[in-house]
Ligand code: KG4
Ligand code: ZN
C-alpha cells in the first residue's frame, strides 16, 4: 500500500489530496480563488501567489485531517513542478519540500498535464496505447501514450488554449469569468446561427483559437453596423459549436492514425456538457476503442489528479530533488 500526499498550486486553486494506491481518494481539498479573480476578469498572477501563501498550510492540514492519516503514514510527497504561473507553482513546491525535509519523505515532481490525464484513473483502468485530449485554461494538447507514463505530444495550440478562448469570448460577450461554464449554459438557449470561420493551421493535430475571438468581435460589429441586435445566446452557441467541432475532428483523425485502445478527455474544458455529449455520440458504436470522460470533480484543477500521476511516477522510480525549482514551461518528457 502506498499513500501519497499531493500538492497542486499551478494556477488559481490551492489544493492538497491524500490518495491510496493511486485510486482511492482519502481526501481532496481544493480552495478556489475564483471569486477574487472574477473581479479582475481573469487570473492575476501576483494576487494568485499571495492567496496561495495564505491558504496552503490550512489546505494541507485539512487534507490530512479529512483523510484521517498522520504524516508518518504518508509514503511520498507529489507536487506540481510545472507548467503554470511561476509564483503560484513556487508556493506549492516550497510546501512540498518543507514537508519532505522535515519528515524525511521522498519528493515526486509532477507535470500538471499528466495529472489531468491520470485523473481518469479514478474511473477506469487505463489501457495503452492511449490517446488523451487535454483541454484546459492553459492547454490544448493531443497526447499519445504508447505505454504507461510515456507521453508524446502529437498536437498542441499555436496560440490560445481552448479554455482561454472560452474565457476571452465570454469577456467579449460580457458574460463574466470563468467563461467556460457560462458559455456552456447559455449555448443551450441558443442555436449556431452565426457562421464563424474555422482557423487554418499547418500541423494536422495542431490547433489555433485566437482567430475565433476576432471573428466574433467582427460579427458583433457587423450586426451593430447593420442595426441588428446581437443574439448573445446564438453567438455563444456558434462559438462553442465551431470550437468543439475542431477538437472533435482532430481527435477522431488522431484516433484513426494512432489506433489507441482508449481515448480520454482531461482538463477543465472536459467539464463541458456539449463536448461530453458529442464525444459519447461519436464513440457509441465503436467496440474497438473505449472512451473515458472524467467525472466533474476531477476535470478542473485539483491535487487528487497529481497524486494519481504521482503514484505511477513513484512506481517508476521518479524522484525529485531539493534543487528543483518551479518550471513554468516544463516539458512532458
Ligand atoms: O484545468 P483547469 O481548471 O485549469 C487549467 O489548468 O487551466 O481549466 C480551467 C478552464 C477555464 O478556462 C474554464 O473556462 C474552463 O476550464 N471550463 C470550461 C467549463 N468548465 C471550466 N470550459 C467549457 N465548458 C465548461 N463547462
Ligand atoms: Zn489544469
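Numbering (this note's numbering), first residue to last: 1285 to 1617.
Even glycine gets a Cβ: it sits at the ideal position worked out from N, Cα and C.
Here the structure is a predicted model, which is why all the values come from computation and not from measurement.
Since residue i is in the beta strand (DSSP E), which residue starts that stretch and which ends it?
i, result
"residue 1311", "1308 to 1316"
"residue 1364", "1360 to 1366"
"residue 1299", "1297 to 1304"
"residue 1290", "1287 to 1292"
"residue 1424", "1424 to 1429"
"residue 1547", "1546 to 1550"
For residue i, which option in the options has the closest C-alpha, if you only look at C-alpha atoms?
i, options, result
"residue 1462", "1456, 1451 and 1533", "1451"
"residue 1592", "1405, 1393, 1608 and 1329", "1405"
"residue 1610", "1553, 1337, 1492 and 1374", "1374"
"residue 1521", "1324, 1478 and 1455", "1478"
"residue 1677", "1523, 1560 and 1580", "Residue coverage of the chain in this structure runs from 1285 to 1617, which leaves residue 1677 outside it and unanswerable."
"residue 1543", "1430, 1419, 1531 and 1286", "1430"
"residue 1471", "1504, 1393, 1558 and 1394", "1558"
"residue 1446", "1459, 1458, 1483 and 1357", "1483"
"residue 1504", "1519, 1308 and 1493", "1519"
"residue 1601", "1433, 1608, 1555 and 1425", "1433"
"residue 1567", "1540, 1556 and 1486", "1540"
What does the alpha-carbon distance come out to for the pair residue i and residue j?
i, j, result
"residue 1346", "residue 1340", "10 Å"
"residue 1506", "residue 1469", "25 Å"
"residue 1475", "residue 1348", "47 Å"
"residue 1380", "residue 1501", "44 Å"
"residue 1372", "residue 1577", "28 Å"
"residue 1588", "residue 1352", "16 Å"
"residue 1551", "residue 1535", "15 Å"
"residue 1508", "residue 1514", "7 Å"
"residue 1473", "residue 1359", "49 Å"
"residue 1368", "residue 1511", "43 Å"
"residue 1279", "residue 1527", "An answer regarding residue 1279 cannot be provided, because it is not within the stretch 1285 to 1617 covered by the chain."
"residue 1465", "residue 1582", "15 Å"
"residue 1564", "residue 1366", "31 Å"
"residue 1421", "residue 1427", "17 Å"
"residue 1439", "residue 1605", "30 Å"
"residue 1296", "residue 1335", "9 Å"
"residue 1424", "residue 1355", "36 Å"
"residue 1487", "residue 1411", "27 Å"
Over the uninterrupted alpha helix (DSSP H) stretch that includes residue i, give me the two end residues.
i, result
"residue 1395", "Counting along the chain, residue 1395 falls outside any alpha helix (DSSP H), though it belongs to the beta strand (DSSP E) covering 1391 to 1395."
"residue 1437", "Not the alpha helix (DSSP H): residue 1437 falls in the beta strand (DSSP E), residues 1436 to 1440."
"residue 1383", "1370 to 1387"
"residue 1589", "1588 to 1599"
"residue 1470", "1463 to 1471"
"residue 1574", "From DSSP, residue 1574 is part of no alpha helix (DSSP H) but of the beta strand (DSSP E) over 1574 to 1576."
"residue 1416", "Counting along the chain, residue 1416 falls outside any alpha helix (DSSP H), though it belongs to the beta strand (DSSP E) covering 1414 to 1419."
"residue 1342", "1329 to 1351"
With the cut-off set at 8 Å, would you say residue i and residue j are in Cβ contact?
i, j, result
"residue 1294", "residue 1382", "no"
"residue 1491", "residue 1616", "no"
"residue 1305", "residue 1595", "yes"
"residue 1395", "residue 1418", "no"
"residue 1302", "residue 1291", "no"
"residue 1397", "residue 1361", "no"
"residue 1497", "residue 1454", "no"
"residue 1569", "residue 1299", "no"
"residue 1390", "residue 1545", "no"
Closer than 7 Å: is that where the CB of residue i sits relative to any heavy atom of the ligand SAH?
i, result
"residue 1300", "This structure does not include the ligand SAH; its bound ligands are the ligand KG4 and the ligand ZN."
> If we count Cβ pairs, one from each stretch, closer than 8 Å, do we get three or more for the segment 1317 to 1324 versus the segment 1403 to 1417?
Replying inline: no
>> Under 8 Å, with one C-beta from each stretch per pair, do the segment 1325 to 1333 and the segment 1556 to 1574 reach the 3-pair mark?
In response: no
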